[in-house]
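Laid out in structure tokens, this is it:
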């Protein structure tokens, strides 16, 4: 953490009259003169306050409210602003996540333009524009100038944002480090005017401070544009904005991105599908998820007048008959008035709720990426030879529905790359290129890439616990497999249990880890089959080569004979060879047994793609994916070259430090 | 994390009208009937809202403020309430920390009574009373019924609390899990009435909800008593309330504790010294610690009218002459009016501040425990044969003064115990007793024990990076030493950089880690000397035994002679033997050379104690410590026996799960 958390930086803002000076202790090396000189300075402000030990009264005078903005300003590392590089990435992440959420809620195919300008060595400006619904004028100040304000916290529904902190925190970080306000332009429709705001966040009050507010002309029709200037650092490779966008494109094939980097290069990520993710549905809490105190609160606040109605309306999975049973167990009836329920009864009701068997929460609140979208994403983003993906059925942890998806890419160009990007300094180029390729884990939560704190993440632990040797990959105990493989893991949930506000790692629940490992196993098995087949085919095509080698010689030898048709003769010999080594064309199942062509077709379609070394999916399988995949693939090549150059550059500069 | 974070639990409280229902996806296994039935329930509330994709307007309608209480209620795991056992420990911790802070600020020797009553299998009531100054009536509701409210956040001064969250969060957890309000009784003086409050925290508004408010009679004269009922779990051994109190007593020898456990046993921890920790002094921010945006904010808010005065009054280490230089560099004068400073000038001023060399921040804001107090604490708490401690001089990280102290105890009864308590499930009895004893690390931040997330803590990393083999202990690469040793580490700072709100681990700053390792090295070297001496002395006393063996025989043999004085003869022979093996009495320095008695005396006094196997410090050294140490030592023995019993019990029940 070279340039990490600097609470001191912000403590300045929140000064309080000093306490009476204690005698400077002996064990502190400070010149007498210094002490002497520093006293008057301290003295001035203390005149007012009583000296000597504090009493209840003097202490009361010091008590005051701490605004959540002050709190996070000082604890900014909790929000992902603990060093310059991470600060930039976090800001981009918050801006893009909000943009995607807004577009999807409005049913618009997202089109996001991101730009990062370098103003000086450690000064950057981030600009992010979307084609979303825009934000109504009155809401802009609060959404961007107030922490803990938003629309997503108060509902049980899958979305990227949860807390209503992110984007305003980014703005606050910019303000604290540069003194520059955040700039927002929003347009809610073609006919509507665009509003331009400049906002500073008043940390003492956690309130927006409107610096500028006017109507402006913009070339675009609808959407929101945010601009933040901040002290930051820009890197490439692992844990960089590049990696974030790459992975976001993979997990959001319905979104189109353009990214203009500080050195002016422009990158385009066209969308891979015209289909929006399924609209998710908000659910009610499940009775088995709640606690007694919460139940009491709900009883106070419900709109229902009778307990039966309350149970049906405010919870999911409670039918009128079930509600009846519950009330009976609690010694009341469904017609009992809610306002007559005393604490004792409430406790009985709570017990009854816990003792009654109920259906698991409904899961249409989730919108998984889908195995095919993951495949097409991997095909676009990663140059391998084998791809497979699988989506688990939804399930539940602690009353929260969730769903796990896994994609695996193997071989091809992956051979070269290195892995284990689990250093939170975001330092890159750590590993030498010639090291044996190790597996790489790409993590997502509600379609958002997670780039930090890998080893603390449930997904990573699951990968380590998987027995990859069974699938033909080498793996040391307690380590990730040493093989050219990329493992993509996505958790979709109405509530992702993050280990910190910076939302960098998924907490390690047993139910979650179990699901992840099951999904990995599914993909692993398919990979195993492929590797076994490959081995056998290699064996037989060797034999065939031998045959071919001799054919021509035989042909030559028989030249002399009369009525000899050279071509026909070769043809017959070749077909002979083909038959003799027919195995080379045959597919094998996991047990190495032959399988019938029809069967084959199905198998290959089971969310699995095998690509020739050129990296283009075989024509037969293209149907599986958006037609872009091929050309974007091409476009991608150039880009990768660039990025690679950048990476090595970065590695150098990193060494310089 | 068996019973970890349960956001679902609290989501219930914050419901919103549901979104239009999306078609249930095919891949969800849910009986048709279920879907059909669940619809009407969902339907009711939707009537009001427009269906179809959201617009800027409909989305605006959903925007709302999130109270910090709601936020932490749902993210309670961030505050240390992520499972039942931890919830109890965290509550105790917050209550005791506040009690100690209050007493010390009021200059009172703390006397704290803690009690934990078990009401049912997973229902507990925690009661904590102190002899502090009490709290003025008007402040009680906010201090206990409002998150982010307190007196410690807004000053640069060492204290246990920092955030103004802890105790109200504990109350909120109790409320959410049991529906029971927090109960507080406070008395600010012998003549003053005691006030009794029952408070519920209104999570929606983050405001206290006064359930009861009356005057009461209490048998005690002054102080505060808090009572929280909660769903919790009680354990012994590692990461238990016992361990927390044990360690708190070590780090706070000036405090007296009594602890009544759920099984009724009463434990007493008398104070080991009548001396309060040095009163600390609040400091101003150091110019090198701040950022541009913050400087601008300070310029806006300062009471000073001229830049020169502003720099001197609002920062530490800025004399009038230095202020002059800075202004000059910035192209202004000390007499320039503060309100005429525009952003450009502010930026120049900021640069000037950074470019000017200044003295490091003053460090009388720190109150270390002190090497001798640490020694007496270790002597009381740990039965070893060798003890040493050292306190580093204060230094600074990112503008924040801090100070590191380390204590090391070796051998004695430590042989048996096991270590590596780095599992956040708080599960105990993990290691078998017969395993080789491994080092144990005891961590403190501002005198508060840290019991969780050891491996994430800078202190632990420092222990691992230390080369213990140099000090005569065996250590595997990248592991803690395998030896019967306890390493105590304390960081005192105006701002401890915790890795999360639950304040469980110290962030890994280079400056901090460096200091910790230096302090460890100091103690390590002394341990090395002791172990080397021990070896040599053993060698020579062997030789002496041989001599003694023969003396008696010689004496017998000479019996016949006339004028033979048996005793005298033996005496002379013995003294002969003594001389021959004089080495056995000699001390050696680190190079194994003899050292003179005088020198010896000094050495042994260098914050080091060597105790005979009975565990009582030799009389000569008792002077070093409060006279209690001996008898409390005795009292302690009983207690340990008890605790041990408890541990094994616990281990069993853990297995049952």
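Residue numbers (this note's numbering), protein chains in the order written: chain Y, 1 to 657; chain D, 1001 to 1657. Each residue gets a CB set at the ideal place from its N, CA and C atoms; glycine is no exception.
The alpha-carbon of residue 216/Y is positioned some 17 Å away from that of residue 141/Y. With respect to residue 1233/D, residue 1502/D sits apart: the two C-beta atoms are not nearer than 7 Å. Residue environment: residue 1565/D is assigned as exposed (fewer than 16 neighbouring CB atoms within 10 Å of its CB, all protein chains considered). Bounds of the alpha helix (DSSP H) holding residue 103/Y are 84-105. In this structure residue 443/Y is buried. Its beta-carbon is surrounded by 16 or more other beta-carbon atoms within 10 angstroms.
Fully contained in the stretch 1159-1187 of chain D are the following alpha helix (DSSP H) runs of length 4 or more, in chain order: 1166-1178.
Inclusion of residue 1197/D and residue 1213/D in the CB contact set at 7 Å is warranted, their separation being smaller than that value. Distance from the CA of residue 1185/D to the CA of residue 1276/D, rounded to the nearest whole angstrom, comes to 25 Å. Bounds of any alpha helix (DSSP H) do not take in residue 1235/D, whose DSSP letter is neither H nor E. By the Cβ neighbour-count rule, residue 1107/D is exposed, with fewer than 16 other Cβ atoms within 10 Å of its own. Exposure of residue 1344/D is indicated by the presence of fewer than 16 other C-beta atoms within 10 angstroms of its C-beta. Along the stretch 76-91 of chain Y, the positions whose C-beta sits under 9 Å from a C-beta of chain D are 77, 78 and 82, read in chain order.
Rounded to whole angstroms, the separation of the alpha carbons of residue 1224/D and residue 1182/D is 13 Å. When secondary structure is reduced to three states using DSSP, residue 1282/D falls in the coil class, being assigned neither helix nor strand.
Between the C-alpha atoms of residue 364/Y and residue 280/Y there is a straight-line separation of about 6 Å. Collapsing the DSSP output to three states places residue 209/Y in a strand. When the beta-carbon positions are compared, residue 457/Y and residue 492/Y stay at least 7 Å from each other.
With respect to residue 242/Y, residue 114/Y sits apart: the two C-beta atoms are not nearer than 7 Å. Taking 7 Å as the cut-off, the Cβ atoms of residue 1229/D and residue 1117/D do not count as close.
Contacts with chain Y at 7 Å (Cβ-Cβ) do not include residue 1201/D. With respect to the 7 Å criterion, residue 175/Y and residue 1293/D are classified as neighbours on the basis of their beta carbons. Between the stretch 64-77 of chain Y and the stretch 1134-1152 of chain D, the count of C-beta pairs closer than 8 Å reaches three or more; the two stretches touch. Only 359, 362 and 363 from the stretch 351-363 of chain Y bring a Cβ to less than 7 Å from some Cβ of chain D. Contact of residue 105/Y with chain D by beta-carbon distance below 8 Å involves 1053, 1054 and 1059. Between residue 440/Y and residue 406/Y, the C-beta spacing is not below 7 Å. Within chain D, the residues 1056, 1057 and 1060 have their CB atoms less than 7 Å from the CB of residue 136/Y, given in chain order.
Of all residues in the stretch 1294-1309 of chain D, the ones placed with a Cβ closer than 7 Å to any Cβ belonging to chain Y are 1294, 1296, 1297 and 1298, in chain order. With a cutoff of 7 Å on beta-carbon distance, residue 1112/D and residue 1257/D are scored as near each other. Within chain Y, the residues 292 and 293 have their CB atoms less than 7 Å from the CB of residue 1178/D, given in chain order. If you draw a straight line from the Cα of residue 306/Y to the Cα of residue 85/Y, it is about 55 Å long. Inter-segment contact for the stretch 1512-1523 of chain D and the stretch 1464-1474 of chain D is present: three or more beta-carbon pairs are separated by less than 8 Å. For residue 1405/D, the beta-bridge partners assigned by DSSP are 1391/D and 1490/D.
In this structure residue 251/Y touches residue 449/Y by the C-beta definition: roughly 7 Å separates them, less than 8 Å. DSSP links residue 1247/D through a beta bridge to no other residue. Nearest CB-CB separation between residue 151/Y and chain D: below the 7 Å threshold. Ranked by Cα distance from residue 1202/D, the first of 1218/D, 1179/D, 1222/D and 1219/D is 1179/D.
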